Structure formats: structure tokens, C-alpha cells
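A short write-up of the structure that comes next.
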Amino acid sequence: EGPYDVENFGTLSGLVKVETKEPTKDVHGEVNLNAGSFGYKKASATVSGGTDKFKLLVSTSTEESDQYKDGNGSTFYEQQVEKGLTSVPGMMGNTDNTYSNSKQKAYEKKTLLTKGQYNITDDSELKLSYTANRSDEILYPTGGMDADYDDSNIYTVGYTTRNLGKLSKELDLNYYYSNVDHPMSTKLRNSGSTNYMTAKYKTSAHGEKIKNVMEIADSLVTVGLDTSARNWKGEMYRTNVATGAVSMNTIPLASTDTTNKAVFSKVEKSFGKLDLEVGARYDYTDVDTIDENKEDKKYTGLNANIFGVYNVDEKMKYFAGIGKSSRVPDARELYSRSYNTTLMKYIYGGNDELDQTKNYEADLGFDKTIGNFQIRPKLFYSVLKDYIYNTGVTTGTTFENIDAKIYGLDISGLYAMTENLSLDYGVAYQRGKKDEDVADKDLAEIPPLKANLALNYEMDKSKYTAEILAVDSWDSFDSSAKEQELGGYAVVNLKYTNQLHKNIGLTLGLDNVFDKVYASTNTYQDIRYVETGGSPILFNDPGRYGYVNLKYSF
25 EGPYDVENFG TLSGLVKVET KEPTKDVHGE VNLNAGSFGY KKASATVSGG
75 TDKFKLLVST STEESDQYKD GNGSTFYEQQ VEKGLTSVPG MMGNTDNTYS
125 NSKQKAYEKK TLLTKGQYNI TDDSELKLSY TANRSDEILY PTGGMDADYD
175 DSNIYTVGYT TRNLGKLSKE LDLNYYYSNV DHPMSTKLRN SGSTNYMTAK
225 YKTSAHGEKI KNVMEIADSL VTVGLDTSAR NWKGEMYRTN VATGAVSMNT
275 IPLASTDTTN KAVFSKVEKS FGKLDLEVGA RYDYTDVDTI DENKEDKKYT
325 GLNANIFGVY NVDEKMKYFA GIGKSSRVPD ARELYSRSYN TTLMKYIYGG
375 NDELDQTKNY EADLGFDKTI GNFQIRPKLF YSVLKDYIYN TGVTTGTTFE
425 NIDAKIYGLD ISGLYAMTEN LSLDYGVAYQ RGKKDEDVAD KDLAEIPPLK
475 ANLALNYEMD KSKYTAEILA VDSWDSFDSS AKEQELGGYA VVNLKYTNQL
525 HKNIGLTLGL DNVFDKVYAS TNTYQDIRYV ETGGSPILFN DPGRYGYVNL
575 KYSF
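Counting in this note's numbering, the sequence shown runs from 25 upward without gaps.
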């Protein structure tokens, strides 16, 4: 959390790092069978093994689900009818935007993960991985279109060598390539029974990074080079169902390349009880488009941070940090076009005069253990300069730079009441305000006060969990972005796990036990929700959901 990552491009206020299983020398594996309410089914299998020199892991899964029902028992289709999607303004006039098949599946998905590791020497190895996702007919009931399919591939190659000498404790060379093919269409809607519209977007990216870690004067010093390039493009067209003929071909996003080159460094050093980390990164970014009506862009940025932890003793530590980070606007924010139903034509929503967003943030907190009770409060204050914001203007540029502030508090912790009984908890609160002289100073996408409380009881090989998730009413919202007030809610979730046998595990669960009717997500205009009566529709979250998982491992 915070602007404390210098190794990756565009980390503005936090880094999400996804770690997948590593291959093992010994043969291990597991098979999972999952079933749940609303026709949810999933099967997955993983196997790993190898030798001292070579290890391999293969994991695959398949899953599908019907439309979930909310607490009123309404499916996607039934909510669409209730919200008035039978008459929605569009390119062809008012249309019926509900599903033509009320029993349409919500999605089908297949995945594959393969990872290999070759140990060249005791101090060096080569790693390769490939991840594939194949999803079909994914429903987006709050939007005007659904995904015909969503296919993605990720390839990675990594080489690590250690102990090269005084100037290299560890040297890492990494390369990745990924691509996504993601067409959205009205094919599954009643509006697409004769002619359906397709918005077909593709993106691909590759990156290279070299990172060297050294020990200098009792400090751990990391220096590196980071480069990446991303292409993003989209087209929209109409297809005649009877003949297959394609017409009305337009380009909502012309092919755009975003190329980044950066150098980074960080130093980690301890001064007695004080652990300090200082980092810096310099970026040079080109954004090039083939759209003749728009200008190419160049951005440079110097980011830096310092983060410290003071360890009073084993049960008490303070932490604080301050830093600056930035991100450049993406292709959609700079160059995209969309169809305006009021003007009956395509207009630019992108703004090629956008500057990059800068985040100046300070964080402060402590981690304290008192007997069996642990608490970790944290405060943050973020000053955003040239924040890229969707202004909601429907007759011209949609994205603009504004200045704003976001601040908040979160508290998390654990209380081990007995050897078998424990309580974990969390509270999160934040607010966002625009500096601009506007009627509504609230920032969009700032969720309300949220708290969770989970009681865990463990006995032998069993574990029981009862959780309460409570959210305050969403009454601070940006009406200019067409957000709406949402009521507060509280849901109860139950979960039971048991290791029935050394090779067999069972999990049972029930979410939203009392079938609560609630909506957790506001209707951000940026995501292009379907509107009725000038307001984006509001969709309810799932009602009571039961599930079971059976795992066999070896």
C-alpha cells in the first residue's frame, strides 16, 4: 500500500502482486471439485514434480455458473426487466436491452498454468511459465454489451544468478509477454436479434527488467532497468444476423503504443532498532497513436520515497512513510471515442492534453501486541495533482486533470481468546475531496465505512468461521459522475473446513445467510453502465449462496 514501489511502472498508490504455486522436486498434486448455488461448478487439478535439476508444475481448471439471484430471488434478466432495460436509448433508437434467453449462463471459463524451473548450478536457475485463460459468453448485465469471449495469454522467462562477487549478491533478468482479445457485443440481447453491435478490443504488452542486488557498507542496495511496451486498439461494427454482413465499421480507439523506459534504485539499511528503506525511480514514456486527429505524447517523471519501521521490541513497532509516485494516462483516457445518443454521433471522450497524475502521500501507524490481542491502525493522507478524472461531460471531453485529496484510516488485528477460539477484525474508512471550485466536491469511487468481524473456532482438524461484514450507507458520492446513494447493509457468512483424511479435505460454506438484498457497488459513469431515465441502473449483489469443496491431495 502507498507510493513505495519503485520497481514497476505506474504504481500510483499500491501494488497488487499475484504469486502462483512453485514447482516442487517431490511429486505432489491435488484435485478440487466445487459446487455452489446458482449452478456454479468448478473442477481443477494440479500436479508438480521433478528432479534436482528440473521441476515442472501443471495446473488446469474449468468452471461455469448460471445467473446469480439477489435477495429478492431475481436473476440478471429479471433485474434487467425490473430496472426498465426493455426500453434503452441507443444508436438505433430505444431498444430492448434485456437478454433474449432469460436462462443464459453467466459465463464459462477454462484456465491453464504451467511452470518449469531448470537449476543450472546451485546458484543459478532458469524459470519459464505460461498462463492461459479462455472465457466464453461472460454476462455484463449492468452494461449494454456482453463479452463474446475473453482470451488471454501470459508468458514469462526469468533468470537468476547469485553470489557473482562483491558487486552482485543476486542478479535477476526477467521478460514477459501478454495479450488479451476481448470483444463485447449485443448478440445475447433482444436488441441484437436482427443486427448486433460488436466492440472488439485487443491489447498486448511485453516488458524486460534487469535487477541487481548488492551489499555495500552494511546496506542492501538494489539497482535496475525496467522497460515495457503496450499496444491497445479497438473497433466497432454492426453484424446482420441473417446474412453475416458487417457494416458501420468505426474506430473507437486507434492503435496506440505506450512505451516506457526507467531506471530505479532502493537502499535498505538498519540503524539499531530503526529499519529504513529509500527508493527512487525515473521514467521516460512515449505514447504514440495512429489517429491523425490526435497528438503523440511524452512524459517524464521522478518518483521517490522513504519508509521506516521502528522496532521498540518484539511486541511493538511504529511505521511511517512519505513518497511521491505518478502514472501516465492510458490510451483510452487520451484518445478514445464513444457514441453519444443525444448528439447521435461519435465524439472524443479521450483528452490528448492530459498530464500524468502525481500522488504525494504520507502513511503513519503502529503494530502492537498486548498478550493475545494484536492491533494495527494506519492513517494515510494523499494529495493528488493532475488526477485523471471522468468529469461526466456528455458533449465533449470526458477526462480532465483535477487536483484532489484522499485520506483515511484502517484498523486490523486478531484476538486469540483461547487456544481454540480467535477473533479477527478490520475497519476501513476513507474520504475523497476535489480541490476544484465545483458544486459537488466528493470524489467518485470512494467507498463508505466498512467493518468485518470473524469468529474462528478450531478443534483437531476442523475449523468453524462465522463472519459479519457491515457497510455504512454510501451517502458521500459524486452526483456529477452519476453516482447514487446506497443503503448500508450487514451480511453474515458461515464456513466449515475439515481434514477428513490425510489426503481428503472438505469445505462447506454459506454466504449472505439471511438472504439480504443489497448493492455494494456504485454506478460509476466511467464504466458505461446502461442508463434508464437519465440515471445508471443499480444492480443488487448475490443473495444466499451455499457452496461445497472437496479436495484430494497427494
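Glycine included, C-beta positions come from ideal geometry on N, C-alpha and C. The model shown is predicted, which means the values in this text are computed figures rather than measured ones.
**Buried versus exposed call for Lys322 [16 or more other C-beta atoms within 10 Å across all chains shown]** = exposed
**Asked** With distances taken between CB atoms, is the gap from Lys129 to Ser89 smaller than 8 Å?
**Response** yes
**Message:** I need the straight-line Cα distance from Leu191 to Asp354, nearest angstrom please.
**Reply:** 37 Å
**Message:** If you follow the beta strand (DSSP E) that Arg78 is in, where does it begin and where does it stop?
**Reply:** Looking at the sequence itself, residue 78 is Phe, so the reference to Arg does not match. It spans Phe78 to Ser89 - the beta strand (DSSP E) in which Phe78 sits, taken as one unbroken run.
**Request:** Spell out the partners DSSP gives Gln523 in its beta bridges.
**Result:** Gly529
**Simplified DSSP assignment, three categories, for Asn214** = Three-state DSSP puts Asn214 in a helix.
**Asked** Per DSSP, Ala543 forms a beta bridge with which residues?
**Response** Answer is none; Ala543 lacks a bridge partner.
**Request:** Please report how far the alpha carbon of Tyr28 lies from the alpha carbon of Tyr411, in whole angstroms.
**Result:** 19 Å
**Prompt:** So, are the CB atoms of Ala478 and Ala494 less than 8 Å apart?
**Reply:** no
**Request:** Could you say if the segment 249-267 and the segment 333-349 meet the contact criterion of at least three C-beta pairs nearer than 8 Å?
**Result:** no
**Item:** Three CB pairs or more closer than 8 Å across the segment 103-113 and the segment 138-146
**Value:** no
**Start-end ranges of the beta strand (DSSP E) lying completely within the segment 337-420, minimum 3 residues** = 340-351, 361-364, 369-372, 381-394 and 397-414
**Proximity winner among Tyr200, Ser279 and Arg186, relative to Thr227 (alpha-carbon distances)** = Ser279
**Prompt:** Which runs of the beta strand (DSSP E), 3 residues or longer, sit entirely within the segment 159-238?
**Reply:** 170-189 and 192-209
**Message:** Which of the three DSSP states is assigned to Ser68 in this structure?
**Reply:** strand
**Request:** List the endpoints of the continuous alpha helix (DSSP H) containing Lys487.
**Result:** Looking at the DSSP string, Lys487 is not in any alpha helix (DSSP H); the run it does join, the beta strand (DSSP E), is Ser486 to Val495.
**Message:** Contact between the segment 235-251 and the segment 284-293 is defined here as three or more beta-carbon pairs at a separation below 8 Å; is this criterion met?
**Reply:** yes
**Bridge partner(s) assigned by DSSP for Leu445** = Tyr481
**Prompt:** In whole angstroms, what is the alpha-carbon distance linking Leu358 and Gly74?
**Reply:** Rounded to whole angstroms, Leu358 to Gly74 spans 48 Å at the Cα level.
**Message:** Measuring only the C-alpha atoms, how far is Leu438 from Ser446?
**Reply:** 7 Å
**Asked** Which first and last residues belong to the alpha helix (DSSP H) in which Gln103 is found?
**Response** Phe100 to Lys107
**Item:** DSSP state of Ala266 mapped onto helix, strand, coil
**Value:** coil
**Request:** Please look up how many angstroms separate the CB atoms of Tyr576 and Glu54, rounded, as I've assumed it's under 8 Å.
**Result:** 7 Å
**Beta bridge counterpart(s) of Thr155 as assigned by DSSP** = Leu137 and Ile178
**Request:** Flag this pair as yes or no: are the beta carbons of Tyr123 and Tyr154 separated by less than 8 Å?
**Result:** no
**Asked** So does the segment 537-545 actually touch the segment 559-573, counting three or more Cβ pairs closer than 8 Å?
**Response** yes
**Asked** How about Leu438: is its Cβ closer than 7 Å to a heavy atom in the ligand MN?
**Response** The ligand MN is not part of this structure, which contains no ligands at all.
**Asked** Taking Cβ positions, are Arg213 and Asn273 nearer each other than 8 Å?
**Response** no
**Asked** Span of the beta strand (DSSP E) holding Lys93?
**Response** Neither: Lys93 is in no beta strand (DSSP E) and is coded neither H nor E.
**Secondary structure of Ala514, DSSP reduced to three states** = strand
**Message:** Once DSSP output is grouped into helix, strand and coil, what is the label at Gly567?
**Reply:** coil
**Nearest neighbour of Thr317, chosen from Leu277, Thr166 and Leu298 [CA to CA]** = According to the sequence shown, residue 317 is Asn rather than Thr. Comparing Cα positions, the closest option is Leu277.
**Item:** Sequence-distant residues of its chain with Cβ nearer than 6 Å to Val417 (five each side left out)
**Value:** Residue confidence is low: Val417 scores 47 on pLDDT, short of 50, so the model does not pin down where it sits. Its coordinate-derived value is still stated next. Same-chain partners within the cutoff: there are none.
**Prompt:** Does the Cβ of Ala67 have 16 or more other Cβ atoms within 10 Å, making it buried, or fewer, making it exposed?
**Reply:** exposed
**Prompt:** So, do the segment 213-224 and the segment 174-193 have three or more beta carbon pairs nearer to each other than 8 Å?
**Reply:** no
**Prompt:** Does the beta-carbon of Asp313 have 16 or more other beta-carbons within 10 angstroms, so that it is buried, or is it exposed?
**Reply:** The displayed chain sequence assigns Thr, not Asp, to residue 313. Per the 10 Å Cβ criterion, buried.
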